[in-house]
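A.B. asks: From first to last, the protein sequence lines are chains A and B. For the first sequence, position 145 (counting from the first letter as 1) is numbered 144 according to numbering that gives the first Met the number 0, and the numbering increases by one without interruption. For the second sequence, position 85 (counting from the first letter as 1) is numbered 84 according to numbering that gives the first Met the number 0, and the numbering increases by one without interruption. Have a look at this one.
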Amino acid sequence: MLRWFPALTLVLFLGPVAAGLVGTWAPAFGYLPSLGGSGFSLDPWRQLLAEPGLGKSLALSLGTGFAATLISLAIVLGFLASCHGRRPVVLVRKLLAPLLAVPHVAVAIGFAFLASPSGWAARLVSPWLTGWDRPPDIATAPDPLGIALVCGLVLKEVPFLLLITLGALGQAPVDRTLAIARSLGYGPATAWAKTVLPLVWPQIRLPVFAVLAFSLSVVDMALVLAPGTPPPLAPRILRWFNDPELGRHFLAAAGASLQFLLVAGSIAVLYGGERLAARLGRRWIAAGGRGRSGRASRRAGMGAMLLVFAIGLAGILGMAIWSLARRWRWPDALPSAWTGDNWMRQAGALAWPGWTTVTVAVAAALIAIALVLGCLENEQRNGVTPGSRVLWLIYAPLLAPQIGFLFGVQVLFISAGLDGSWVALVWGHLLFVLPYVFLALADPWRRLDERYARTARCLGAAPDRVFWRIKLPMLLRPVLFALAVGFAVSVGEYLPTVFAGGGRFATLTTEAVSLASGGDRRVIGVYSFLQALLPWIGFMLAIGVPAWFYRQRRGMKVFAA
Amino acid sequence: MGTSDGALRLRGVTVSLDGQPLIAGLSLDVAPGEVATVMGPSGSGKSTLLSWICGSVDPAFAIEGRIELDGHDITGTVPEARRVGILFQDDLLFPHLSVGENLAFGIPRGVGREERRKRVADALAEAELPGFEDRDPATLSGGQRARIALMRTLLAEPKALLLDEPFSKLDAALRDRVRRFVFDHATERGLPTLLVTHDPDDAAAADGPVLEIGEGGEVEARAAGEGPPVVRKAGTI
Chain A
0 MLRWFPALTL
10 VLFLGPVAAG
20 LVGTWAPAFG
30 YLPSLGGSGF
40 SLDPWRQLLA
50 EPGLGKSLAL
60 SLGTGFAATL
70 ISLAIVLGFL
80 ASCHGRRPVV
90 LVRKLLAPLL
100 AVPHVAVAIG
110 FAFLASPSGW
120 AARLVSPWLT
130 GWDRPPDIAT
140 APDPLGIALV
150 CGLVLKEVPF
160 LLLITLGALG
170 QAPVDRTLAI
180 ARSLGYGPAT
190 AWAKTVLPLV
200 WPQIRLPVFA
210 VLAFSLSVVD
220 MALVLAPGTP
230 PPLAPRILRW
240 FNDPELGRHF
250 LAAAGASLQF
260 LLVAGSIAVL
270 YGGERLAARL
280 GRRWIAAGGR
290 GRSGRASRRA
300 GMGAMLLVFA
310 IGLAGILGMA
320 IWSLARRWRW
330 PDALPSAWTG
340 DNWMRQAGAL
350 AWPGWTTVTV
360 AVAAALIAIA
370 LVLGCLENEQ
380 RNGVTPGSRV
390 LWLIYAPLLA
400 PQIGFLFGVQ
410 VLFISAGLDG
420 SWVALVWGHL
430 LFVLPYVFLA
440 LADPWRRLDE
450 RYARTARCLG
460 AAPDRVFWRI
470 KLPMLLRPVL
480 FALAVGFAVS
490 VGEYLPTVFA
500 GGGRFATLTT
510 EAVSLASGGD
520 RRVIGVYSFL
530 QALLPWIGFM
540 LAIGVPAWFY
550 RQRRGMKVFA
560 A
Chain B
0 MGTSDGALRL
10 RGVTVSLDGQ
20 PLIAGLSLDV
30 APGEVATVMG
40 PSGSGKSTLL
50 SWICGSVDPA
60 FAIEGRIELD
70 GHDITGTVPE
80 ARRVGILFQD
90 DLLFPHLSVG
100 ENLAFGIPRG
110 VGREERRKRV
120 ADALAEAELP
130 GFEDRDPATL
140 SGGQRARIAL
150 MRTLLAEPKA
160 LLLDEPFSKL
170 DAALRDRVRR
180 FVFDHATERG
190 LPTLLVTHDP
200 DDAAAADGPV
210 LEIGEGGEVE
220 ARAAGEGPPV
230 VRKAGTI
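Here's what the structure looks like:
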């Protein structure tokens with residue numbers, strides 16, 4: 000039975016992605032019988048190209064996407080190169096989990112709370128510095144150039160890239176490599192860039208591509224932070240899909256296909272850039288420059304990283320404070336009157352979306368962990384060693400833009416009679432939960448000393464007993480952590496809920512997005528803080544339960560890292 | 000098929016990796032209560048030989064030959080049914096279980112609860128660690144852990160014992176005592192025991208037949224008591 004797990008997993012999770020792409024490209028060329036499109040035509044593309052301001056939308060998508068990716072990467076690499084082995088790395092490591100857990104939308108809303116004309120940042124310097132006695136009439140978040148969107152994306156992508164890079168660094172002989180380079184006279188940051196970065200880059204490349212794909216096609220954050228006239232391509236496509244005039248679906252499908260091409264082309268460009276950088280880098284390394292002591296670069300690297308963390312955490316704090324504010328006049332730095340009423344009043348409205356959010360997230364995470372455990376166990380029992388291509392398959396749903404195939408997934412669900420059902424919703428979330436659960440669990444699972452399992456079998460335990468009594472309990476912490484990762488990913492999903500749920504399900508995320516444009520800040524604060532709180536609770540349980548369970552087992556601390 | 004005399008017999012064993020023979024044509028009889036030693040440089044395939052005997056060899060190795068234990072051919076049997084116990088360099092006590100639970104894990108299924116508890120208590124007494132049932136294995140000393148690991152293996156009622164350099168990580172003072180403890184128990188229970196080691200002292204203490212694996216995979220046998228074996232210099236690293 001175990002042998003079927005990889006196939007089952009691929010069908011469950013890549014099947015819809017492939018079908019979704021087909022189901023999006025076909026209507027882009029006029030074929031969608033249920034809406035009266037039965038023949039091949041280029042009309043949708045003509046319609047798309049005739050859309051006013053399409054070029055501007057594209058430019059906005061490309062500009063924000065590349066800027067967010069490159070800035071995030073520069074901050075992460077700059078920080079690690081200049082501060083390797085120093086205290087800031089330890090500090091940032093500790094603060095990483097809370098920031099990583101916050102859903103995109105909550106980060107975006109938190110940033111808007113800080114950076115909008117009447118936001119915290121302006122309040123703190125008004126009126127004594129700026130002279131503003133009213134919120135200034137300038138567009139900051141959102142702003143016409145998409146700078147706020149880039150900031151929001153950077154706040155979310157830096158922790159992700161940092162996590163991936165720290166993981167890669169943990170598997171490479173970094174300290175010895177650095178010691179050799181330093182003893183040859185290289186400055187600390189130069190030594191890192193010339194000897195460590197090439198070691199870990201292969202493991203960072205795919206995540207960087209995923210970050211680019213995400214940034215180019217983000218919808219939920221763009222709805223909060225990007226300009227609206229015109230918006231970037233992805234939110235604009237969603238608008239077309241939501242148009243009550245169903246004929247616009249063909250236009251939307253063409254747009255979604257264009258989005259796919261945009262992402263594919265951009266990844267190709269980034270790949271080319273990487274090749275070029277590698278060639279130049281080789282020359283740079285061979286030239287033998289030793290670099291400086293790096294104090295200035297250390298300040299810059301540390302400053303940028305700490306700024307990201309400070310802004311991210313301040314945004315969450317701002318939401319929490321707003322949710323408890325009764326009166327918070329401009330330009331007070333804090334509310335003048337506090338209350339729990341906002342929470343009380345919203346309790347009824349929160350109940351149903353909150354319930355949907357939690358049940359879907361728990362179901363998707365549990366299914367994902369079962370599939371991943373099945374695949375990993377099959378790998379070990381049947382001696383299957385997956386190549387690096389499998390990793391590309393796992394990243395597929397993260398590399399393809401969501402808006403580029405979710406409409407097709409919806410078409411698939413409609414033809415299966417599943418659309419708008421709870422099952423479809425869970426399935427839609429599973430597509431994005433599964434890769435993260437796999438990435439979180441695969442390494443710790445494969446790293447477990449296989450002699451434990453061998454010993455157990457020689458003591459007379461059959462493979463199933465070894466799995467349940469030895470491997471699973473020993474890896475309880477990474478398993479629960481992966482579960483919490485899956486839960487957090489699901490809580491934050493916006494587009495899969497909109498498409499797979501057929502508009503029939505509201506989650507905290509969809510509610511937060513629809514409230515974000517112009518609602519009462521105290522109510523938005525309640526929704527987005529709760530949205531951020533749920534993943535935190537998940538992670539605290541994932542860390543706390545095994546710690547309590549194994550409080551008498553010192554040997555289990557090794558597995559806590 | 001051989002007779003049920005409790006012996007471990009290897010017949011015509013050839014181990015190769017990527018077409019390169021590591022061990023060629025090894026045949027060996029280990030009588031009950033006897034400790035046979037296999038010596039050879041690192042990478043000579045001696046640990047692979049043991050994992051093959053207990054049934055958990057890496058499929059990358061191509062292995063031919065036959066294993067007979069107590070008159071039964073167990074070459075194709077699943078590991079949990081072979082009744083071959085193994086001890087590694089590390090004690091590999093399960094860190095999530097208490098000392099008592101570790102020991103109980105080895106006891107065959109179908110043994111009642113009272114009886115299990117009694118066997119665990121007896122094993123602890125035998126290891127000179129009475130009353131250690133609820134202890135966390137991580138709080139034990141190296142020598143204590145090594146003794147628990149042996150008792151856990153013995154509680155599974157093996158018919159043969161494999162030792163994969165189990166003493167090499169212990170410090171010199173402890174090594175002698177643990178070695179004595181393991182050999183005495185194996186002999187007392189009449190287990191055919193196969194020891195793999197680099198350490199000539201191990202082989203001397205085992206006082207049984209010694210096999211040396213050479214560089215080309217050829218196996219050289221020496222009977223018990225032929226003086227301390229010489230480890231070849233070439234290829235030891």
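C-beta atoms are modelled at their ideal positions from N, C-alpha and C, and glycine is treated no differently.
Leaving aside the five residues before and after residue 337 (chain A) along the sequence, list all residues of the same chain whose C-beta is less than 8 Å from its C-beta, in chain order.
C.D. replies: 323, 324, 325
A.B. asks: Output, in sequence order along the chain, the residues in the region 539-555 of chain A whose CB is closer than 8 Å to any CB in chain B.
C.D. replies: Within the region 539-555 of chain A, contact with chain B at the beta-carbon level (separation under 8 Å) is assigned to 549, 551, 552, 553, 554, 555.
A.B. asks: Is the Cβ of residue 458 (chain A) closer than 8 Å to any Cβ of chain B?
C.D. replies: Chain B, which has a Cβ nearer than 8 Å to the Cβ of residue 458 (chain A), makes this yes.
A.B. asks: Quick one: measure Cβ to Cβ for residue 116 (chain A) and residue 146 (chain A), integer angstroms, because I've assumed they're closer than 8 Å.
C.D. replies: With 8 Å as the limit, residue 116 (chain A) and residue 146 (chain A) do not qualify as a contact, their Cβ atoms being about 14 Å apart.
A.B. asks: If you pair each beta-carbon of the region 295-313 of chain A with each one of the region 76-87 of chain A, do three or more pairs fall below 8 Å?
C.D. replies: yes
A.B. asks: In three-state terms, what does DSSP make of residue 150 (chain B)?
C.D. replies: Reduced to three states, the DSSP call for residue 150 (chain B) is helix.
A.B. asks: Does the Cβ of residue 533 (chain A) have 16 or more other Cβ atoms within 10 Å, making it buried, or fewer, making it exposed?
C.D. replies: buried
A.B. asks: How big is the Cα-Cα spacing for residue 114 (chain A) and residue 108 (chain A)?
C.D. replies: 10 Å
A.B. asks: Checking 8 Å against the spacing of the C-beta atoms, do residue 137 (chain B) and residue 94 (chain B) come in under that value?
C.D. replies: yes
A.B. asks: Just checking my contact of residue 404 (chain A) with residue 16 (chain A) at CB under 8 Å: how many whole Å lie between their CB atoms?
C.D. replies: 6 Å
A.B. asks: Looking at the strands, I want to know which residues DSSP matches up with residue 72 (chain B).
C.D. replies: B:67
A.B. asks: Do the CB positions of residue 475 (chain A) and residue 367 (chain A) come within less than 8 Å of each other?
C.D. replies: no
A.B. asks: Starting from the C-beta of residue 299 (chain A), find all residues in its chain whose C-beta is less than 8 Å away, skip the five residues before and the five after it, and write them out in chain order.
C.D. replies: 77, 81
A.B. asks: Could you check where the beta strand (DSSP E) with residue 23 (chain B) kicks off and where it finishes?
C.D. replies: 19-29
A.B. asks: From residue 163 (chain A) to residue 91 (chain A), what distance separates their C-alpha atoms?
C.D. replies: 14 Å
A.B. asks: Could you tell me how far apart the beta carbons of residue 482 (chain A) and residue 364 (chain A) are, in whole angstroms, since I believe they sit closer than 8 Å?
C.D. replies: Yes, they are in contact, since the Cβ atoms of residue 482 (chain A) and residue 364 (chain A) sit about 5 Å apart, within 8 Å.
A.B. asks: Per DSSP, what kind of secondary structure is residue 320 (chain A) in: helix, strand or coil?
C.D. replies: The answer is helix: DSSP assigns residue 320 (chain A) an H, G or I state.
A.B. asks: Find out if the Cβ-Cβ distance for the pair residue 154 (chain A), residue 110 (chain A) is shorter than 8 Å.
C.D. replies: yes
A.B. asks: Relative to the C-alpha of residue 255 (chain A), which residue among A:313, A:237, A:244, A:486 is closest?
C.D. replies: A:237
A.B. asks: Residue 98 (chain A) and residue 311 (chain A) look like a contact to me (Cβ under 8 Å); what is the Cβ gap, rounded to whole Å?
C.D. replies: Confirmed, Cβ separation roughly 5 Å.
A.B. asks: At the level of alpha carbons, what is the spacing between residue 232 (chain B) and residue 199 (chain B)?
C.D. replies: Here the model assigns residue 232 (chain B) a pLDDT of 34, short of 50, so the residue's position is not dependable, and the following value carries that caveat. Cα to Cα, the separation comes out at about 13 Å.
A.B. asks: Keeping to the same chain, check which residues put their C-beta closer than 7 Å to that of residue 431 (chain A); ignore five residues upstream and five downstream.
C.D. replies: 396, 488, 492, 495
A.B. asks: What is the rounded straight-line gap between the Cα of residue 12 (chain A) and the Cα of residue 80 (chain B)?
C.D. replies: Their backbone Cα atoms lie some 38 Å apart in a straight line.
A.B. asks: How far does the alpha helix (DSSP H) with residue 376 (chain A) in it extend, from its first residue to its last?
C.D. replies: 340-380
A.B. asks: Name the DSSP beta bridge partners of residue 429 (chain A), please?
C.D. replies: Residue 429 (chain A) is not bridged to any residue.
A.B. asks: Would you kindly report the start and end of the unbroken alpha helix (DSSP H) that includes residue 114 (chain B)?
C.D. replies: For residue 114 (chain B), the enclosing alpha helix (DSSP H) stretches over residues 112-125.
A.B. asks: Note the first and the last residue of the continuous alpha helix (DSSP H) segment covering residue 174 (chain A).
C.D. replies: Note, residue 174 (chain A): alpha helix (DSSP H), 173-182.
A.B. asks: For residue 169 (chain B), which residues from the same chain have a beta carbon less than 8 Å from its beta carbon, with the 5 sequence-adjacent residues on both sides left out?
C.D. replies: 141, 142, 145, 177
A.B. asks: Residues in the same chain with beta-carbon distance under 6 Å from residue 227 (chain A), minus the five sequence neighbours each way, listed in chain order, please.
C.D. replies: Once the five neighbours on either side are set aside, residue 227 (chain A) has no close Cβ partner at all.
A.B. asks: Rounded to whole angstroms, what's the CA-CA distance from residue 91 (chain B) to residue 477 (chain A)? Just pull it up for me.
C.D. replies: 20 Å
A.B. asks: Could one say the Cβ of residue 91 (chain B) lies closer than 8 Å to chain A's Cβ atoms, at least one of them?
C.D. replies: yes
A.B. asks: Do you know offhand how far residue 287 (chain A)'s Cα is from residue 280 (chain A)'s?
C.D. replies: Residue 287 (chain A) and residue 280 (chain A): Cα-Cα distance of roughly 11 Å.
A.B. asks: Anything in the region 470-492 of chain A with a Cβ closer than 9 Å to a Cβ of chain C? List those residues in chain order, please.
C.D. replies: Of the protein chains in this structure, namely A and B, none is chain C.
A.B. asks: Please determine, among A:389, A:371, A:65, the residue with the shortest C-alpha to C-alpha distance to residue 4 (chain A).
C.D. replies: A:371
A.B. asks: Can you check which of these residues, A:406, A:59, A:389, is closest to residue 26 (chain A) by C-alpha distance?
C.D. replies: Closest option to residue 26 (chain A), Cα to Cα, is A:406.
A.B. asks: So with CB distances below 7 Å, who are the chain B contacts of residue 596 (chain A)?
C.D. replies: Outside the displayed range of chain A (0 to 560) lies residue 596 (chain A), so it cannot be described from this structure.
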